[in-house]
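Report on the following structure.
In my numbering, the protein residues as written are 253 to 670.
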């Protein structure tokens with residue numbers, strides 16, 4: 253009986269794999285065009301929002317993110333909008349809620365939205381009584397797409413974004429949720445590493461648009477006006493493309509953007525990404541870059557928070573290492589950052605993992621930042637993480653048990669369920 257079920261399952265996985273591979277459309281690597289120019293050309297051709305003269309602050313870790321965020325919240329004058337996958341009911345949540353309640357009392361509008369599944373999946377969820385208490389203090393807070401039996405199809409496309417917009421002038425996005433373990437780590441696993449970005453400039457209007465469209469979908473409240481979309485004076489030297497994945501509107505946008513960014517590289521690609529069992533469109537882009545002589549450096553976590561997934565991550569890392577990539581395994585805890593640098597010219601920070609879960613189902617937002625200084629700063633933080641890692645070799649991989657390697661193979665075979 254098991255064999256009868258197993259073979260159709262393999263056929264289904266293979267069909268999905270081929271379907272995904274067929275969606276790969278990449279720009280040609282040209283010897284006469286810089287990588288950033290080539291990718292900007294792709295961005296504009298696909299009508300992806302592209303903004304100029306932004307200022308970016310790369311926030312290396314949750315302490316930097318929440319310190320900056322709480323300071324900006326304290327200065328808010330008109331509105332604060334928050335959108336998170338995980339809004340865990342723990343101490344940093346309480347600090348954040350207290351700061352927001354204070355602003356409500358000053359007359360500031362506060363709207364917050366969190367993913368219903370993300371809330372259910374953590375061990376300290378916001379319960380109905382908690383939400384009632386928050387609303388009683390003047391904060392508008394809603395769940396994104398609550399899962400109600402029997403409509404289990406709602407479990408697929410979840411809001412994995414992490415966005416904050418303050419007064420339409422300051423924006424935040426990246427990989428850091430509202431949860432204590434980003435600050436304190438997890439017992440037995442260690443530090444939970446991640447990165448975020450603070451932005452001022454025209455790109456903030458795009459983050460605002462994403463939030464307000466999602467807010468209207470979930471709450472029914474339509475919001476517009478200059479106070480939410482103010483004019484921005486030039487603030488810095490960074491151009492930013494805001495790449496948003498909305499399952500029904502732009503289902504392929506994130507994975508194609510990643511693939512084309514990788515494909516534009518001429519000299520180097522450096523990336524960190526958790527749950528690294530990438531979709532074929534990303535794998536093929538990385539393979540072609542390696543084959544074309546681009547130096548590809550990948551930093552992965554040796555351990556993880558989900559059983560069996562690290563075995564698949566090790567396998568994918570080893571496969572690309574054999575092809576020619578430099579692969580580092582992070583041992584300082586769990587590295588949850590979703591960042592990439594291309595040729596020292598542009599980079600990305602955001603919420604998107606490179607697995608099928610993020611790139612085929614979820615709502616995701618990444619900033620693609622065109623600025624040498626910002627890219628160099630992000631590259632610097634990646635180099636620091638490499639110091640807490642070891643370089644993967646054939647000898648090290650072969651030391652893993654046969655069971656771990658077999659489990660890794662199986663996890664990669666069923667990547668579309670991840």
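For every residue, glycine included, the Cβ atom is placed at its ideal position computed from N, Cα and C. On a predicted model such as this, the values are computed, not experimentally measured, just so you know.
For residue 622, there is no enclosing alpha helix (DSSP H); the enclosing beta strand (DSSP E) covers residues 616-622.
Per the Cβ contact rule, the segment 525-534 is not in contact with the segment 633-648 (fewer than 3 Cβ pairs under 8 Å). Between residue 623 and residue 360, the C-beta gap is not smaller than 8 Å, which leaves the two residues out of contact. For residue 551, the secondary structure class from DSSP, reduced to helix, strand or coil, is strand. Residue environment: residue 299 is assigned as exposed (fewer than 16 neighbouring CB atoms within 10 Å of its CB, all protein chains considered).
Here residue 328 is buried: its Cβ has 16 or more other Cβ atoms, across all protein chains shown, within 10 Å. Close CB contacts of residue 382 within its chain, under the 8 Å cut and outside five residues either way in sequence, are with 341 (chain order). A contact between stretches requires three or more CB pairs, one per stretch, nearer than 8 Å, and the segment 511-523 meets this requirement with the segment 534-550. Secondary structure at residue 520: strand, using DSSP grouped into helix, strand and coil. Cα atoms of residue 512 and residue 357: separation of roughly 47 Å, rounded to the nearest angstrom. Between the alpha carbons of residue 369 and residue 589 lies a gap of roughly 21 Å. The beta-bridge partner set that DSSP reports for residue 337 is empty. Of the residues assessed, residue 306 falls on the buried side of the cut-off, its CB having 16 or more other CB atoms within 10 angstroms. For residue 388, the enclosing alpha helix (DSSP H) starts and ends at 380-388.
Around the CB of residue 558, fewer than 16 other CB atoms lie within 10 Å, so the residue is classed as exposed. Within the segment 299-333, the complete beta strand (DSSP E) segments at least 3 residues long are 302-312, listed from N- to C-terminus. With contacts defined as CB atoms closer than 8 Å, residue 294 and residue 429 fail to qualify as a contacting pair. Taking a contact to require three or more Cβ pairs closer than 8 Å, the segment 484-497 and the segment 550-564 do not qualify as touching. Pairing residue 431 with residue 412, the inter-Cα distance amounts to about 14 Å. Between residue 397 and residue 406, the CB-CB gap stays under 8 Å.
In this structure, the straight-line span from the alpha carbon of residue 351 to that of residue 663 is close to 42 Å.
For the pair of segments examined, the segment 454-473 was found not to touch the segment 316-326: the number of CB pairs separated by less than 8 Å stays below three. With respect to residue 500, residue 506 sits apart: the two C-beta atoms are not nearer than 8 Å.
Between residue 317 and residue 603, the beta carbon gap of about 13 Å keeps them out of contact (Cβ cut-off 8 Å). For the pair residue 638 and residue 583, the Cα-to-Cα distance works out to about 9 Å. For residue 380, the number of other beta carbons within 10 angstroms of its own is below 16, and it is reported as exposed.
DSSP lists 309, 424 as the beta-bridge partner residues of residue 450.
Measuring C-alpha to C-alpha distances from residue 436 to each of 314, 376, 378 identifies 314 as the nearest.
Following the DSSP letters along the chain, one finds residue 491 inside the beta strand (DSSP E) bounded by residues 490-497.
Contact between residue 311 and residue 416 is absent: CB atoms are separated by about 12 Å, not below the 8 Å threshold.
Between residue 539 and the set 399, 514, 601, the nearest pair of CA atoms involves 514. Beyond the five residues adjoining it in sequence on each side, residue 626 comes within less than 7 Å, by CB distance, of 308, 310, 490, 599 in the same chain, given in chain order. Straight across, the Cα-Cα distance linking residue 408 with residue 666 is about 16 Å.
In the DSSP annotation of this structure, residue 612 is not part of any alpha helix (DSSP H), being labelled neither H nor E. Boundaries for residue 481: no alpha helix (DSSP H) harbours it, and the DSSP string shows neither H nor E there. Taking C-beta atoms as the reference points, residue 534 and residue 570 fail to come closer than 8 Å.
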